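Enquirer:
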Amino acid sequence: MDGQSAKRVKNKRNYRRRQRGTSIYFLLWATFSALALVIVLLFAIGLRVITVQTYKNEAARELSEKGKGIERAVRTDPPEVFGGNRSEYLRYLSTSFDVSIFILDGEGDVLFPRTPDSGEAELDFADKVQTLKAQLLVSETPSVIYEGEKEYVYGTQVSLYGVEAETYLYVVKSLGLVEAAAEQVALRTTFIAVFVFVLAFAVSSAVSGWLTKPISEMTKKAKLLAGGDFNVDFHGADYGQEMVELADTLNFARDEISKVDHMQKELIANVSHDFKTPLTMIKGYASMIMEISGDIPEKRNKHAQVIIDETDRLASLVADVLDLSKLRSGLQELKTSIVDMSAYTREIVDRFAYLCESQGYTLSLDIEEGLFAEVDELKIGQAIYSLVGNAVNYTGEDKTVFVALKRTGEQTFRFLVRDTGAGIKKEELATIWERYYRSSEMHKRPVKGTGLGLSIVKAVLQRHGLRFGVESEIGRGSTFYIDFISV
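In structure tokens, the structure reads:
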């Protein structure tokens, strides 16, 4: 084994070792569980994003409306109820609209609300007012609304408190509620995610078991089949059309394997018997030559001829077995050529002329001239010879065999051979092409064979792709035929 082959074998073993440790049940369960987890996570993230964005959009819309209302209010004089006190009016607006209102100068100093007298630190809006100025500059509009740090801001330039320099209205809406809502959504989504994942875990386990159950059952039955149990039935509970079709296919394979097993045993039994008989005779007659007829030329020659005949029979049996094996395995290639089937059929039938002269057989021919086909001449000749020989062996008391080669269409012609024997029972028609088929009717066979003739005929014709068959009627004989494609 070279290095590449050894590497391939090693990789194959490693692959099988990895696969053996992972069951389909586990793969399905893990896949379903992972899919459920991904869906839950995507749902949780999407829900949080949508919730936060929805709250922010609503906060921005609400602040825009409130900001414009506050802007209109501060640009007019305070109502008389406030006694002209603008600061009190701004505090009222702040409380009414649930926002924080600031009046800033251009440097970020707070003009409203004023807090130094209360001892509190003065608010620093220097950076914020610069951001507001930048937003107003970019938008090129009188007022802007934008998201700041954990807050939404509505800002515009106004003139208040007698300040001649630039003054800004700075209205703030805290996003604390948004964050609280997002946290609540996240918390609830977490509980839902855990619940859904646990549920998906259980459901995927049940579904995986349900899906893999028929496969496990079929695996067990396949092991029984491998052990030689041909009564196993792959059908079980109805798990869907695909499983039913798989069960049908496996049952068909079971039946075919059963047939092959039966044929193999029958072949071994028949071959053993056919080998044993001539070997026994060879041994027996060789012993007779040694012990009895060695010095008697006439008997010695007779016994030696038996040995030769039985040896030929063994050689013929071995040749037929090898031919059949090669044909069925595809090892024996066809060597096709255009053959004059009319002349070739006559030539093959003439080989049986000695039976007409010595045993009173009649071979009736009806052969149309000028019929050609592209075939393997040797193999087709072997098939035709076997069919004619089979008809001779099974024909009736009149010892008549009919051979015909006639055109059946513009591109086809048929070879047929008919005997006048007892015919073949309907239940046997399906098995006559099998190895070592024997009719239930016993006949004296003028043409010796190994019992593999029809099986070889079938293999030859199948390799050629030709249509063939048999028609039979009890008491009136059988007709074998081959349909050729003319050239």
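Using our numbering, read the sequence shown as starting at 1 and increasing by one per residue. Don't be surprised by glycine CBs; every beta carbon is placed ideally from N, CA and C. Nothing here was measured: the structure is a model prediction, and the numbers come from that model.
Can you tell me which of the three DSSP states Gln359 falls into?
Expert: Looking up residue 359 in the sequence shown gives position 359. The answer is helix: DSSP assigns Gln359 an H, G or I state.
Enquirer: Can you have a look at Asp124 and say buried or exposed, based on whether 16 or more other CB atoms are within 10 angstroms of its CB?
Expert: Counting from one through the sequence shown, the residue named residue 124 turns up at place 124. Exposed.
Enquirer: Please return the same chain residues whose Cβ sits closer than 7 Å to the Cβ of Thr336, not counting the five positions on each side in sequence.
Expert: Taking the first residue of the sequence shown as position 1, residue 336 is located at position 336. Counting only Cβ-Cβ distances below 7 Å, and skipping sequence neighbours, we find Glu374, Val375 and Asp376.
Enquirer: So for Arg414, helix, strand or coil by DSSP?
Expert: Start at 1 with the first residue of the sequence shown, and residue 414 comes out as number 414. Arg414: strand per DSSP, three-state reduction.
Enquirer: Spatial neighbours of Asp117 within its chain, please: CB distance less than 6 Å, with the 5 preceding and 5 following residues excluded, ordered by chain position.
Expert: Translated into positions along the sequence shown, residue 117 becomes position 117. Low confidence applies here, because Asp117 scores a pLDDT of 49, under 50, leaving its location unreliable; read the following figure in that light. Closer than 6 Å at Cβ, skipping near neighbours: no residue.
Enquirer: Report the rounded CA-to-CA distance for Phe252 versus Val232, giving the unit in angstroms.
Expert: As a first step, residue 252 is located in the sequence shown; it is residue number 252 there, counting from the start. As a first step, residue 232 is located in the sequence shown; it is residue number 232 there, counting from the start. Going from the Cα of Phe252 to the Cα of Val232 covers about 12 Å.
Enquirer: Just the Cα atoms here: how many angstroms apart are Ala157 and Glu80?
Expert: Counting from one through the sequence shown, the residue named residue 157 turns up at place 157. Counting from one through the sequence shown, the residue named residue 80 turns up at place 80. Residue 157 is actually Gln in this sequence, not Ala. Straight-line Cα distance between these residues: approximately 25 Å.
Enquirer: Mapping the DSSP letters down to three states, classify Asp483 as helix, strand or coil.
Expert: Position 483 of the sequence shown, counted from the first residue, corresponds to residue 483. In this structure, Asp483 counts as strand in the three-state DSSP scheme.
Enquirer: Rank His262, Lys220 and Val153 by C-alpha distance to the C-alpha of Leu250 and give the top, closest one.
Expert: By one-based count along the sequence shown, residue 250 stands at place 250. When only C-alpha atoms are compared, the closest one is Lys220.
Enquirer: Taking the DSSP output, what are the residues bridged to Gly155?
Expert: On the sequence shown, position 155 is the one that residue 155 refers to. DSSP output for Gly155 lists Val144 and Tyr170 as bridge partner(s).
Enquirer: Is it true that the CB of Glu298 sits closer than 8 Å to the CB of Ser342?
Expert: Along the sequence shown, read from residue 1 onward, the residue named residue 342 stands at position 342. Along the sequence shown, read from residue 1 onward, the residue named residue 298 stands at position 298. Ser342 is not a Cβ neighbour of Glu298, given a cutoff of 8 Å.
Enquirer: Would you kindly report the start and end of the unbroken alpha helix (DSSP H) that includes Leu104?
Expert: By one-based count along the sequence shown, residue 104 stands at place 104. Note, Leu104: premise wrong, no alpha helix (DSSP H); beta strand (DSSP E) at Ser100 to Asp105.
Enquirer: Report yes if the CB atom of Leu466 is closer than 8 Å to the CB atom of Ile482, and no otherwise.
Expert: The residue you call residue 466 lines up with position 466 of the sequence shown. The residue you call residue 482 lines up with position 482 of the sequence shown. Yes; because the gap between Cβ atoms is below 8 Å, this pair is in contact.
Enquirer: Less than 7 Å between C-beta atoms, sequence neighbours within five positions excluded: which residues of the same chain meet that for Leu363?
Expert: Looking up residue 363 in the sequence shown gives position 363. Here the set comprises Val349, Phe352, Cys356, Val401 and Val403.
Enquirer: Answer with buried or exposed for Asn390, where buried requires no fewer than 16 other C-beta atoms within 10 angstroms of its C-beta.
Expert: In the sequence shown, counting from the first residue as 1, residue 390 sits at position 390. Label assigned to Asn390: buried.
Enquirer: By the DSSP assignment, the beta strand (DSSP E) with Leu111 in it spans what residues?
Expert: As a working note, residue 111 is residue 111 in the sequence shown. That run of the beta strand (DSSP E) goes Val110 to Phe112.
Enquirer: Buried or exposed, going by whether 16 or more other CB atoms sit within 10 Å of the CB of Ala315?
Expert: In the sequence shown, counting from the first residue as 1, residue 315 sits at position 315. By the neighbour-count rule (16 or more Cβ atoms within 10 Å), Ala315 is not buried but exposed.
Enquirer: Taking Val129 as the reference, give the member of Thr167, Val99 and Ile192 with the closest Cα.
Expert: Here residue 129 is taken as the residue at index 129 of the sequence shown, counted from 1. Taking only the C-alpha atoms, the option nearest Val129 is Thr167.
Enquirer: Measure the C-alpha to C-alpha separation of Gly469 and Glu291 and round it to an integer number of angstroms.
Expert: Counted from its first residue, the sequence shown places residue 469 at position 469. Counted from its first residue, the sequence shown places residue 291 at position 291. So the two alpha carbons sit approximately 52 Å from each other.
Enquirer: Give me the DSSP bridge partner(s) of Asp376.
Expert: Residue mapping note: residue 376 aligns to position 376 of the sequence shown, counting from 1. Assignment of beta-bridge partners to Asp376 by DSSP yields Thr336.
Enquirer: Is the stretch 67-75 close to the stretch 138-150, with three or more CB pairs under 8 Å?
Expert: Output reads yes: the stretch 138-150 touches the stretch 67-75.
Enquirer: I'd like to know whether the C-beta atoms of Leu211 and Leu28 end up nearer to each other than 8 Å.
Expert: Walking along the sequence shown from the start, residue 211 turns up at place 211. Walking along the sequence shown from the start, residue 28 turns up at place 28. Contact: yes.
Enquirer: Is the beta carbon of Val40 closer than 8 Å to that of Ala193?
Expert: In the sequence shown, residue 193 corresponds to position 193, counting from 1. In the sequence shown, residue 40 corresponds to position 40, counting from 1. Going by C-beta atoms, Ala193 is nearer than 8 Å to Val40.
Enquirer: Figure out for me which residue from His262, Ala286, Ile296 and Ala319 has the closest Cα to the Cα of Val306.
Expert: By one-based count along the sequence shown, residue 306 stands at place 306. Minimum Cα distance to Val306 is reached at Ala286.
Enquirer: Quick check on this structure: which residue in Tyr154, Lys150, Ala200 and Phe197 has the alpha carbon closest to the alpha carbon of Ala180?
Expert: Against the sequence shown, residue 180 aligns to sequence position 180. For the residues Tyr154, Lys150, Ala200 and Phe197, the minimum Cα distance to Ala180 belongs to Lys150.
Enquirer: Quick check: the Cα distance between Gln411 and Asp340, rounded to an integer number of angstroms?
Expert: What you label residue 411 is simply residue 411 of the sequence shown in a count that begins at 1. What you label residue 340 is simply residue 340 of the sequence shown in a count that begins at 1. Those two C-alpha atoms are separated by around 15 Å.
Enquirer: Around the Cβ of Ser208, are there at least 16 other Cβ atoms within 10 angstroms (buried) or fewer (exposed)?
Expert: Translated into positions along the sequence shown, residue 208 becomes position 208. Answer is buried; the Cβ neighbour count reaches 16.
Enquirer: Roughly how far, in whole angstroms, is the beta-carbon of Ala60 from the beta-carbon of Tyr152, given that I think they are within contact range, below 8 Å?
Expert: Locating residue 60 in the sequence shown gives position 60, where the first residue counts as 1. Locating residue 152 in the sequence shown gives position 152, where the first residue counts as 1. Going by Cβ atoms, the distance from Ala60 to Tyr152 rounds to 6 Å, so yes, they are a contact pair.
Enquirer: Tell me whether Ile50 is buried or exposed, calling it buried when 16 or more other Cβ atoms sit within 10 Å of its Cβ.
Expert: In the sequence shown, counting from the first residue as 1, residue 50 sits at position 50. Exposed, by the Cβ-count rule.
Enquirer: List the DSSP bridge partners of Ser478.
Expert: Within the sequence shown, residue 478 is the residue found at index 478, counting from 1. In the DSSP output, where bridge partners are listed per residue, Ser478 has Ser472.
Enquirer: How would you label Ser139, buried or exposed, when you count the other beta carbons within 10 angstroms and need 16 or more for buried?
Expert: Taking the sequence shown and counting its residues from 1, the one referred to as residue 139 is at position 139. Exposed, because fewer than 16 other Cβ atoms sit within 10 Å of the Cβ of Ser139.
Enquirer: Anyone know if the C-beta pair for Ser205 and Ala36 falls short of 8 Å?
Expert: By 1-based counting over the sequence shown, the position of residue 205 is 205. By 1-based counting over the sequence shown, the position of residue 36 is 36. Cβ distance not < 8 Å, so Ser205 and Ala36 don't count as in contact.
Enquirer: Going by C-alpha distance, which of Ser100, Leu90 and Thr131 is nearest Gly108?
Expert: Counting from 1 along the sequence shown, the entry for residue 108 is found at position 108. The closest CA to that of Gly108, considering only Ser100, Leu90 and Thr131, is found on Thr131.
Enquirer: Using 8 Å as the threshold, is the C-beta distance between Ser94 and Ser100 below it?
Expert: As a first step, residue 94 is located in the sequence shown; it is residue number 94 there, counting from the start. As a first step, residue 100 is located in the sequence shown; it is residue number 100 there, counting from the start. Closer than 8 Å, so yes.
Enquirer: Work out the CA separation of Lys458 and Trp433 for me, nearest whole Å.
Expert: Reading the sequence shown from its first residue, position 433 is the one you call residue 433. Reading the sequence shown from its first residue, position 458 is the one you call residue 458. Trp433 and Lys458: Cα-Cα distance of roughly 6 Å.
Enquirer: Which first and last residues belong to the beta strand (DSSP E) in which Leu199 is found?
Expert: As a working mapping, residue 199 is identified with position 199 in the sequence shown. It is not in any beta strand (DSSP E) - Leu199 instead sits in the alpha helix (DSSP H) that spans Gly176 to Ala226.
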